[in-house]
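**Q** Structure provided below as structure tokens; questions to follow.
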Amino acid sequence: MATINPFETAKSQLEQAAEIARLDKNKIEQLKNPDRYVEVSIPVKMDSGEQKIFKGFRSQHNNARGPYKGGIRFHQDVNLDEVRALSFWMSFKNAVVSVPFGGGKGGIIVNPKELSPGELERVSRGFIKKIYPVIGPEVDVPAPDVNTTGQIMGWMLDEYQKLSGNKSMATFTGKSLDNGGSLGREEATGFGGVYVFEEVVKSKVVDLPQGSKIAIQGFGNVSTFFAQAAEKLGYKIAALSDSKGGIYNPEGLSFEKVLAYKKSSGALKDFPGSKNISNAELLELPVEVLVPAALENVLTGDNASKIKAKLIVEMANGPTTPGADMVFAAKNIAVIPDILANSGGVCVSYYEWHQNMHNEKWSREQVLEKLSVQIKRAFADVLEAKNKHKTTFRNAAYIVAAQRIIEQMP
Ligand code: NAD
Numbered sequence: 004m005a006t007i008n009p010f011e012t013a014k015s016q017l018e019q020a021a022e023i024a025r026l027d028k029n030k031i032e033q034l035k036n037p038d039r040y041v042e043v044s045i046p047v048k049m050d051s052g053e054q055k056i057f058k059g060f061r062s063q064h065n066n067a068r069g070p071y072k073g074g075i076r077f078h079q080d081v082n083l084d085e086v087r088a089l090s091f092w093m094s095f096k097n098a099v100v101s102v103p104f105g106g107g108k109g110g111i112i113v114n115p116k117e118l119s120p121g122e123l124e125r126v127s128r129g130f131i132k133k134i135y136p137v138i139g140p141e142v143d144v145p146a147p148d149v150n151t152t153g154q155i156m157g158w159m160l161d162e163y164q165k166l167s168g169n170k171s172m173a174t175f176t177g178k179s180l181d182n183g184g185s186l187g188r189e190e191a192t193g194f195g196g197v198y199v200f201e202e203v204v205k206s207k208v209v210d211l212p213q214g215s216k217i218a219i220q221g222f223g224n225v226s227t228f229f230a231q232a233a234e235k236l237g238y239k240i241a242a243l244s245d246s247k248g249g250i251y252n253p254e255g256l257s258f259e260k261v262l263a264y265k266k267s268s269g270a271l272k273d274f275p276g277s278k279n280i281s282n283a284e285l286l287e288l289p290v291e292v293l294v295p296a297a298l299e300n301v302l303t304g305d306n307a308s309k310i311k312a313k314l315i316v317e318m319a320n321g322p323t324t325p326g327a328d329m330v331f332a333a334k335n336i337a338v339i340p341d342i343l344a345n346s347g348g349v350c351v352s353y354y355e356w357h358q359n360m361h362n363e364k365w366s367r368e369q370v371l372e373k374l375s376v377q378i379k380r381a382f383a384d385v386l387e388a389k390n391k392h393k394t395t396f397r398n399a400a401y402i403v404a405a406q407r408i409i410e411q412m413p
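Take any residue in the sequence shown, count from 1 to its spot, add 3: that is its number in our numbering.
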């Protein structure tokens, strides 16, 4: 199978929506490329005494609606096209959910599992030494992403404050609670996805009575909070998976029991009363709802025709390729796109930034209530555009977001 370039996917999604809503061609051309991206070289003294050079990127896609905003990932396979695509999606995600930020993303080519804590700190601080002139609370606000944590944000913030002299806590979000972080951030993305899911059910675009079965790929931050909230609403969590494989029980898995089992055994495999399945099998199960919440490019032209779900809620970033999207549209499978479904995380990142800027502290209840209102409003806007243009949720979300960005572009 040819490698799927996420940046090409992102651009083709925008082109399709722009054509449907006849959006301004010149503005769309501008939106296809980031405003700026930098590649930096980070010299780091390793514990052995040797120096190693790491490569890092920061892509700033568009700031017409507010400061660039997006995470920094640490991964051995990070590359410029991935970072550019992710910064692009952040612009549209922020716009669709009405967060006054633009889109940014960063990455360092590194396997953090191979570093000692001291080396990890030096890589994190080294990256900031190279990019601090182009970030700041009103310029570009990074956050954690794959393999980056509140602790790493703490080191980065400290380094930024020392170098820039700017003491604001708001240059980074996703910080730990004792370092200016927000309550509710941990559960925001998973719960946000379920708030959107509730609205899909209410809208009756897809008929999903209580007791409908949900298969969720992933057992991490996003997927576990999604599973917990969906089970509370009366839906059956029929399948869950981690990187080693999944488990399936059409009668429903008890989320709390699975969580306890994973904690004690370290894996999902052989969970009592369930059948072991592969990650590929999980996607094709006879369930009503499929929630890819782990990786990109898992729904492709190769497996799309075998998907049996009526609704796909994209909690991972970029899980569906344009080829699979065409199949889903033809089969009338509704796809709630990542830029809407997983936008809960960036909403609460914005709340964190706001609390830091205004020296406020909100309760978890306040945060989740605001999130619920904001994300449900975004769904209503997207549904309206979907009905107006008689198109898919993805195209509708892009149309809403692109119109909002274009309105603010000089
Ligand atoms: P995580 O690291 O907490 O969990 C990822 C899960 O994926 C783990 O259970 C892991 O075992 C599983 N996994 C890894 N490799 C796999 C494979 N080959 N096959 C199947 N499963 C595999 O990550 P997360 O924070 O839950 O993020 C999941 C997805 O959601 C990512 O695409 C991320 O970009 C996206 N996302 C996360 C947030 C957030 O706030 N955390 C916000 C928006 C989007």
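C-beta atoms are modelled at their ideal positions from N, C-alpha and C, and glycine is treated no differently. Keep in mind that this is a model prediction, so the values were computed, not measured.
CB-CB under 6 Å to residue 281, same chain, minus the five flanking residues each way: which ones, in chain order?
**A** In the sequence shown, residue 281 corresponds to position 278, counting from 1. Excluding residues within five positions, the ones whose Cβ falls inside 6 Å are 248.
**Q** Could you say if the segment 29 to 49 and the segment 123 to 130 meet the contact criterion of at least three C-beta pairs nearer than 8 Å?
**A** In short, these stretches touch, since the Cβ pair count reaches three.
**Q** Taking one C-beta from the segment 337 to 351 and one from the segment 381 to 400 each time, how about it: are there three or more such pairs within less than 8 Å?
**A** The segment 337 to 351, when compared against the segment 381 to 400, does touch it at the 8 Å Cβ threshold.
**Q** Would you decide whether residue 474 is buried or exposed? Buried here means 16 or more other CB atoms lie within 10 Å of its CB.
**A** Because residue 474 is not part of the residues shown, which for the chain are 4 to 413, the question remains open.
**Q** So residue 409 is in the alpha helix (DSSP H); what residue range does that whole segment cover?
**A** By 1-based counting over the sequence shown, the position of residue 409 is 406. 396 to 411 is the extent of the alpha helix (DSSP H) around residue 409.
**Q** If you reduce the DSSP assignment to three classes, tell me which class residue 46 lands in.
**A** The residue given as residue 46 occupies position 43 in the sequence shown. Strand, per DSSP.
**Q** Given residue 4, which residues of its chain have a CB within under 6 Å of its CB, disregarding the five upstream and five downstream residues?
**A** Translated into positions along the sequence shown, residue 4 becomes position 1. Low local confidence applies: a pLDDT of 46 at residue 4 is under 50, so the model's placement there is unreliable, with the coordinate-based value given in what follows. Excluding positions up to five away in sequence, the list is empty.
**Q** Of all the beta strand (DSSP E) runs that stay within the bounds of the segment 293 to 349, which reach a length of 3 or more residues?
**A** Entirely contained in the segment 293 to 349, the beta strand (DSSP E) runs reaching 3 residues are, in chain order, 314 to 316 and 337 to 339.
**Q** Does DSSP put residue 13 in a helix, a strand or coil?
**A** In the sequence shown, residue 13 corresponds to position 10, counting from 1. Residue state, collapsed to three classes: helix.
**Q** Below 7 Å, is the gap between the Cβ of residue 299 and the nearest heavy atom of the ligand NAD?
**A** What you label residue 299 is simply residue 296 of the sequence shown in a count that begins at 1. Yes, Cβ of residue 299 sits closer than 7 Å to a heavy atom of the ligand NAD.
**Q** Should residue 102 be counted as a contact of the ligand NAD given a C-beta to heavy atom distance under 7 Å?
**A** By 1-based counting over the sequence shown, the position of residue 102 is 99. No, Cβ of residue 102 sits at least 7 Å from all heavy atoms of the ligand NAD.
**Q** Which of the three DSSP states, helix, strand or coil, is assigned to residue 96?
**A** Position 93 of the sequence shown, counted from the first residue, corresponds to residue 96. In this structure, residue 96 counts as helix in the three-state DSSP scheme.
**Q** I need the straight-line Cα distance from residue 34 to residue 137, nearest angstrom please.
**A** By one-based count along the sequence shown, residue 34 stands at place 31. By one-based count along the sequence shown, residue 137 stands at place 134. Each residue's Cα considered, the two are about 20 Å apart.
**Q** Just list the alpha helix (DSSP H) runs in the segment 80 to 140, keeping only unbroken ones of 4 residues or longer that don't cross its boundaries, in chain order.
**A** Correct list: 83 to 99 and 120 to 134.
**Q** In chain order, what are the residues with a CB under 6 Å from some non-hydrogen atom of the ligand NAD?
**A** With the cut-off at 6 Å, the residues found are 192, 220, 221, 222, 223, 224, 225, 226, 244, 245, 246, 282, 296, 297, 298, 318, 319, 320, 345 and 348.
**Q** Since residue 130 and residue 111 should fall inside the 8 Å C-beta cutoff, what is the C-beta to C-beta distance between them, to a whole number of angstroms?
**A** The residue given as residue 130 occupies position 127 in the sequence shown. The residue given as residue 111 occupies position 108 in the sequence shown. So it is a contact: roughly 6 Å between Cβ atoms.
**Q** Out of 79, 102, 100 and 72, which one is the CA nearest neighbour of residue 89?
**A** Against the sequence shown, residue 89 aligns to sequence position 86. When each option's Cα is compared against that of residue 89, the closest is 72.
**Q** Exposed or buried, which one is residue 68 when buried takes at least 16 other CB atoms within 10 Å?
**A** Translated into positions along the sequence shown, residue 68 becomes position 65. Residue 68 comes out buried.
**Q** With DSSP collapsed to three states, give me the class of residue 213.
**A** Reading the sequence shown from its first residue, position 210 is the one you call residue 213. Residue 213: coil per DSSP, three-state reduction.
**Q** Here's a check: name, in chain order, each residue in its chain whose Cβ is nearer than 7 Å to the Cβ of residue 234, leaving out the five neighbours to either side.
**A** Position 231 of the sequence shown, counted from the start, is the residue given in the question as residue 234. 240 and 258.
**Q** Report, in whole angstroms, the separation of the C-beta atoms of residue 337 and residue 209, which I expect to be a contact under 8 Å.
**A** The sequence position of residue 337 within the sequence shown is 334, counting from 1. The sequence position of residue 209 within the sequence shown is 206, counting from 1. Rounded, the Cβ-Cβ distance is 5 Å, consistent with contact.
**Q** On the three-state DSSP scale, how would you describe residue 60?
**A** As a working note, residue 60 is residue 57 in the sequence shown. Strand.
**Q** Contact between the segment 309 to 324 and the segment 271 to 280 is defined here as three or more beta-carbon pairs at a separation below 8 Å; is this criterion met?
**A** With a cut-off of 8 Å, the segment 271 to 280 and the segment 309 to 324 do not count as touching, because too few Cβ pairs lie within range.
**Q** How many angstroms separate the CA atom of residue 38 from the CA atom of residue 8?
**A** Walking along the sequence shown from the start, residue 38 turns up at place 35. Walking along the sequence shown from the start, residue 8 turns up at place 5. So the two alpha carbons sit approximately 19 Å from each other.
**Q** Taking its Cβ as the centre, do 16 or more other Cβ atoms sit within 10 Å of residue 355, making it buried, or is it exposed?
**A** The residue labelled residue 355 in the question sits at position 352 within the sequence shown. Buried, by the Cβ-count rule.
**Q** Identify, in the order they occur along the chain, each residue of the same chain with its Cβ nearer than 7 Å to the Cβ of residue 105, setting aside the five sequence neighbours on each side.
**A** Mapped onto the sequence shown, residue 105 falls at position 102. Counting only Cβ-Cβ distances below 7 Å, and skipping sequence neighbours, we find 64, 65, 66, 67, 68, 69, 70, 71, 72, 94 and 97.
**Q** Any chance the segment 283 to 294 sits against the segment 167 to 182, with 3 or more Cβ pairs inside 8 Å?
**A** No: fewer than three Cβ pairs fall under 8 Å.
**Q** With the cut-off set at 8 Å, would you say residue 388 and residue 402 are in Cβ contact?
**A** Position 385 of the sequence shown, counted from the start, is the residue given in the question as residue 388. Position 399 of the sequence shown, counted from the start, is the residue given in the question as residue 402. Yes; because the gap between Cβ atoms is below 8 Å, this pair is in contact.
**Q** Do residue 217 and residue 226 have their C-beta atoms closer together than 8 Å?
**A** Looking up residue 217 in the sequence shown gives position 214. Looking up residue 226 in the sequence shown gives position 223. In this structure, residue 226 does not lie closer than 8 Å to residue 217 by Cβ.
**Q** Which term fits residue 252, buried or exposed, when burial requires 16 or more other beta carbons within 10 angstroms of its beta carbon?
**A** Numbered from 1 along the sequence shown, position 249 holds the residue referred to as residue 252. Result: buried.
**Q** Using DSSP bridges, identify the partner residues of residue 244.
**A** For the purposes of this step, residue 244 is identified with residue 241 of the sequence shown, where counting begins at 1. In DSSP, residue 244 forms a bridge with 249.
**Q** Does DSSP put residue 36 in a helix, in a strand, or in coil?
**A** Within the sequence shown, the letter at position 33 stands for residue 36. Of the three classes helix, strand and coil, the one that applies to residue 36 here is coil, per DSSP.
**Q** Identify whether residue 77 lies in helix, strand or coil by the three-state DSSP scheme.
**A** For the purposes of this step, residue 77 is taken as the residue at position 74 of the sequence shown. Of the three classes helix, strand and coil, the one that applies to residue 77 here is strand, per DSSP.
**Q** Is the beta carbon of residue 186 sitting closer than 8 Å to the one on residue 41?
**A** The residue labelled residue 186 in the question sits at position 183 within the sequence shown. The residue labelled residue 41 in the question sits at position 38 within the sequence shown. Contact flag unset, no.
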